[in-house]
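In what follows, a structure is listed as structure tokens, so that the remarks can point back to it.
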Amino acid sequence: MALSVAVMASSALICDTEQWKGLQAHVGAIQKTHLRDLMDDAERCKAMTAEYEGIFLDYSRQRATGETMEKLFKLAEAAKLKEKIEKMFSGDKINSTENRSVLHVALRAPRDEVIKSDGVNVVPEVWGVKDKIKQFSETFRSGSWVGATGKALTNVVSVGIGGSFLGPLFVHAALQTDPEAAESAKGRQLRFLANVDPVDVARSIKDLDPETTLVVVVSKTFTTAETMLNARTLKEWIVSSLGPDAVAKHMIAVSTNLELVEKFGIDPKNAFAFWDWVGGRYSVCSAVGVLPLSLQYGFPIVQKFLEGAASIDKHFRSSSFEKNIPAILPYSQALEKFAPHIQQLSMESNGKGVSIDGVQLSFETGEIDFGEPGTNGQHSFYQLIHQGRVIPCDFIGVVKSQQPVYLKGEIVSNHDELMSNFFAQPDALAYGKTPEQLHSEKVPEHLIPHKTFQGNRPSLSLLLPSLSAYEIGQVAVMASSALICDTEQWKGLQAHVGAIQKTHLRDLMDDAERCKAMTAEYEGIFLDYSRQRATGETMEKLFKLAEAAKLKEKIEKMFSGDKINSTENRSVLHVALRAPRDEVIKSDGVNVVPEVWGVKDKIKQFSETFRSGSWVGATGKALTNVVSVGIGGSFLGPLFVHAALQTDPEAAESAKGRQLRFLANVDPVDVARSIKDLDPETTLVVVVSKTFTTAETMLNARTLKEWIVSSLGPDAVAKHMIAVSTNLELVEKFGIDPKNAFAFWDWVGGRYSVCSAVGVLPLSLQYGFPIVQKFLEGAASIDKHFRSSSFEKNIPAILPYSQALEKFAPHIQQLSMESNGKGVSIDGVQLSFETGEIDFGEPGTNGQHSFYQLIHQGRVIPCDFIGVVKSQQPVYLKGEIVSNHDELMSNFFAQPDALAYGKTPEQLHSEKVPEHLIPHKTFQGNRPSLSLLLPSLSAYEIGQLLSIYEHRIAVQGFLWGINSFDQWGVELGKSLASQVRKSLHASRMEGKPVQGFNSSTASLLTRYLAVEPSTPYNTTTMPKV
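Throughout, the numbering used here is defined as the position within the sequence shown, counted from one, plus 46.
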């Protein structure tokens, strides 16, 4: 009996404690208090700060009082937080399901510290590996380590996935513009290869020579499927150029499996160890990060990073909770890769459904983490953050910029401009803006509801003294007026949803007729939405809701030029930007299509002149480099299309010898990156600002103007700068010839502007107008489909399974969250329901090693899987079971089923899984997703994909009755992927039919296999770079 009681006690959940319940009751009371009132209490604000080594944390904008903090500290006591922290530092096996210590803190501990695992001090072993890295990196960087042809190696490609990629990438991105680190890295390149998509392989080795390249293969067991396929592909790249003996000189490893390392062809002496007590997402301070970063920057700089991390470890372990700095909206461009790293670290760590003792949780765990550096985020998802859902924010700022920039005559320096926003945004979130304030500002009455900000939105502010390697280490550780909801149709759907939630997706997926009905196809694009928690009845109710919301009429009004952006009294006509020349689309009674084509004809003529070499710069040289300066939609849309076209063979051929870069963030670090290794003499700058007054864009434009003028003189501006703007007066005043200004219109919202001169001009300069026109035609094809198809077969549609779509999610993040993150209806009535998706994503297998843990076992997050039948970069290694693209697509087909079906305790019992692991390895399933399969990814399909999502977002807004156009578990997926992989192999090699899958997956696989593969399975095919 005593034993039973002890077990019950150990399985008690924190939510069952008096402290949790007391805090919960207090939270209910505190929510009646507005942050603007709390912020009036100076003593409270002062108390809610902490400082350590120049790092300053302000958490006064949390909805909390002194009493709240006391209750939180009591909760920490109840959870035995201090004891758990001490156990971690002492090497206790707190990772109980894997029976392991958790000792990433040992990776940066001082040489004389004692940290034990299984009774053995691990610090000497850690330093043994670090000493080996130091010695090897010094040999490598001095030129003493030479390749197969006797040449020194200057390029490094690090091959890994998940934490073996995101952590090192974050540190590398942050160090690139640190003056000391940049000086140390001169003449060297460090790249990362993670996604199994052959497009990523092609990018990672583009313009590199195997003769001067070292490949670091990062895999603890040397069996990680994606990493090892990529490693074999790069091995073939080296061997085909330099011969098999070159592997020993051009490839090294971070692994503990020396047998497989040697079998691969790598000298085991050149393998660097790490340990079971280091989790992948915590491994950046092991050889996983320290080795490639030391090869690029030198060990002394990397050691500073480790020392910074160690300083926070010490602070974390020893400080009282009142002054213990916890720590993703970084206000430094150098931290651009911090949010993706934290996304993995947090969502893979804490996206769990059971307690450590295997008890089902009654509350949700795991943050949804995303972020963008500085002012980029403001022009992306801040609309939603301010007026949509309440999303707690962390603002991270830096006192001293890595790249100080100031233009004489400016009001502030570039960095100060950036930091102005860092300081302003938290208060804007906290205080909001009241109707009374708006009335006093004489704002028109009908706009009052739309311009009201509720405020009361919590945030943290973390201020770093600078951003050297040391601080990067520190940051790495912290880490009608009627509403649609009043209609009978909404209420009927709501009642139905309650009933449908009792049905599991694995049961719904057994209905082959239902699965077949829940698909749509158009021009080779195939949408499968059978993994939504929906039945035929659900769809009927949704169509009735669409009728009630007058969806068809609203779509028609948009295409007809009605001023559906009522708060700004504007038409919404991005569809006109890609309409055929003979189409009629009117705004204010005037057909706008001829004017659109007038601008496109001008772009075509200018880009042909530019690309032919007839347009020359101030010194008579042809211009081959373009820097496009814009922000928000003037940056994210064109960047998405550019990233997608880069590896399309036709587009890549057309872009040979040219560079297109984008400058968005006002952070001078971004300026430095955008012009690195460029010569003003051969560079054209495109300034994108409708009014030519956008603060961030114009400061960046003036900075680049100074870069040109200081090198080539003031007269060079007319030859080296052009504009996308309607304000010809300011364009001319700036020094740009108004003849070289390209117009767009008020009826184009910034986030919908990629099909205007905003995107078409820079993309045409890089790829040529004919390729960009194909992109526009693709978008137009979906416009036509969207306007004319019945809702039953109208393709709506960000987890893209193609590396070429890596910039699609950030663009849709802006497009969706800025459009639909609203708190009032189009008529200004307060909504009683939340609007706006929280959109984030990563390409293909990268995401699986980042946030899929949370998606499978934590919060329920609906997913869109986007796959491509025919890869832009076909790669096959003779002897492999499947091609690289088929390996990628195995996961595309597997993951939706993993989410839908899950894995039951009964299945785990039949597999003889130990009893204590059953709760941890159980996947509830019943998690909805969409699958969108594209035939290929040329410019045309890229345009189609853009248009699908633009219209989906509009439909959401139309249904919600808001104005979308103003701007006021890894293991299971892998297991199923293995089955798909075998099926693909059997079909490709032996002609066997697809079998063993549900009708939906079988249909997708059959469709995929019906197309002749780009890669014959009898010869090696390498990327064309």
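Note that beta-carbon positions come from the ideal geometry of N, C-alpha and C, so glycine has one too.
Report task. Please state if the CB of G1007 and the CB of S1094 are separated by a distance shorter than 8 angstroms. Result -> No answer is possible for residue 1094: the residues shown for the chain start at 47 and end at 1071.
Query - Given Y568 as reference, the closest of K830, L724, S680, E778 once Cα atoms are compared - result: For the options K830, L724, S680, E778, the alpha carbon positioned closest to that of Y568 is the one of K830.
Query raised in the report: Which residues bound the alpha helix (DSSP H) around F821?
Result: Start and end: 815-834.
Report task. State yes or no: is the C-beta of P808 within less than 8 angstroms of the C-beta of V672? Result -> Yes, these two residues count as a Cβ contact at 8 angstroms.
Report task. Look up T498 in the DSSP assignment and say whether it is helix, strand or coil. Result -> Three-state result, T498: coil.
Query raised in the report: Run through DSSP, which three-state label would T729 get?
Result: Under the three-state reduction of DSSP, T729 is assigned to strand.
Query - For K133, the three-state DSSP class (helix, strand or coil) - result: Residue state, collapsed to three classes: helix.
Query raised in the report: What separation, rounded to the nearest whole angstrom, lies between the Cα atoms of F268 and K309?
Result: Distance between the alpha carbons of F268 and K309: 11 angstroms.
Report task. Can you say whether E742 is buried or exposed, counting buried as having 16 or more other CB atoms within 10 angstroms of its CB? Result -> Burial call: buried.
Query raised in the report: In terms of residues, what are the limits of the alpha helix (DSSP H) holding M85?
Result: First-last for M85: undefined, no H or E at that position.
Query raised in the report: Which whole-angstrom value is the C-beta distance of I631 and L619, which I expect to be below 8 angstroms?
Result: Indeed, because the Cβ distance is near 6 angstroms, the residues count as touching under 8 angstroms.
Requested in this report: Starting from the C-beta of S878, find all residues in its chain whose C-beta is less than 8 angstroms away, skip the five residues before and the five after it, and write them out in chain order.
Outcome: For S878, where only same-chain residues beyond five positions count, the Cβ hits under 8 angstroms are L529, C531.
Query raised in the report: Which residue's Cα is closest to the Cα of M604: K587, F589, D634, K590?
Result: Checked all of K587, F589, D634, K590; the closest Cα to M604 is D634.
Query raised in the report: Where do the N-terminal and C-terminal ends of the beta strand (DSSP E) with V770 fall, by residue?
Result: 767-770 is the extent of the beta strand (DSSP E) around V770.
Query raised in the report: C801: which of E654, L709, Y986 sits nearest, CA to CA?
Result: Here the closest residue by C-alpha is Y986.
Query raised in the report: Just checking, does the stretch 674-688 make contact with the stretch 733-741 on the three C-beta pairs under 8 angstroms criterion?
Result: Output reads yes: the stretch 733-741 touches the stretch 674-688.
Requested in this report: Alpha carbon to alpha carbon, how far is D608 from N786? Give it in angstroms, no decimals.
Outcome: The C-alpha of D608 is placed about 31 angstroms away from the C-alpha of N786.
Requested in this report: Mind listing, in chain order, the continuous beta strand (DSSP E) runs of no fewer than 3 residues lying wholly within the stretch 343-374?
Outcome: Secondary structure within the stretch 343-374: not one fully enclosed beta strand (DSSP E) run of 3 or more consecutive residues is present.
Query raised in the report: Is it true that the stretch 66-74 meets the stretch 90-101, where meeting means three or more beta-carbon pairs spaced less than 8 angstroms apart?
Result: With fewer than three CB-CB distances shorter than 8 angstroms, the stretch 66-74 does not count as touching the stretch 90-101.
**Report entry** Opening and closing residue of the beta strand (DSSP E) in which N201 lies
**Finding:** First-last of the beta strand (DSSP E) with N201: 201-205.
Query raised in the report: Between E593, D628, K497, R234, which lies nearest to D873 when the distance is taken from Cα to Cα?
Result: Nearest to D873 by alpha-carbon distance, out of E593, D628, K497, R234, is K497.
Query raised in the report: Which ranges does the alpha helix (DSSP H) cover as unbroken runs of at least 4 residues, wholly within the stretch 947-989, from first to last along the chain?
Result: Those alpha helix (DSSP H) runs which fall completely within the stretch 947-989 and span 4+ residues are 951-956, 964-967.
Report task. Could you give the DSSP three-state label for L706: helix, strand or coil? Result -> Reduced to three states, the DSSP call for L706 is strand.
Query - Segment contact flag, the stretch 352-369 with the stretch 240-254, C-beta cutoff 8 angstroms, min 3 pairs - result: Verdict: no, contact absent.
Requested in this report: Identify whether R616 lies in helix, strand or coil by the three-state DSSP scheme.
Outcome: Strand at R616.
Requested in this report: Apply the 10 Å Cβ neighbour rule to H955 and answer buried if 16 or more other Cβ atoms are within range, or exposed otherwise.
Outcome: Exposed, because fewer than 16 other Cβ atoms sit within 10 Å of the Cβ of H955.
Query - Between the CA atoms of E171 and S147 - distance to the nearest angstrom - result: Rounded to the nearest angstrom, the two C-alpha atoms are 15 angstroms apart.
Query raised in the report: Which same chain residues, not among the five before or five after G209, have their C-beta less than 6 angstroms away from its C-beta?
Result: G326, R327, S329, listed in sequence order.
Query raised in the report: Rounded to a whole number of angstroms, what is the C-alpha to C-alpha distance between V203 and D253?
Result: Roughly 12 angstroms separates the two Cα atoms.
Query raised in the report: Relative to the alpha-carbon of F102, which residue among D440, G189, D557, A474 has its alpha-carbon at the smallest distance?
Result: For the residues D440, G189, D557, A474, the minimum Cα distance to F102 belongs to D440.
**Report entry** Q483, enclosing beta strand (DSSP E) - first and last residue
**Finding:** Q483 -> not in any beta strand (DSSP E); alpha helix (DSSP H) instead, spanning 481-486.
Query - Top-ranked residue by Cα proximity to L554, from F351, G971, K1028, G74 - result: Ranking F351, G971, K1028, G74 by Cα distance to L554 puts G971 first.
Report task. Could you name the residues that DSSP lists as bridge partners for Q876? Result -> According to DSSP, which records beta bridges pairwise, Q876 is partnered with V870.
Report task. Identify whether K722 lies in helix, strand or coil by the three-state DSSP scheme. Result -> Three-state result, K722: coil.
Query - Straight-line Cα distance separating L724 from L750 - result: L750 and L724 have their alpha carbons spaced roughly 12 angstroms apart.
Query raised in the report: What is the DSSP secondary structure of T111, counted as helix, strand or coil?
Result: The answer is coil: DSSP assigns T111 none of H, G, I, E or B.
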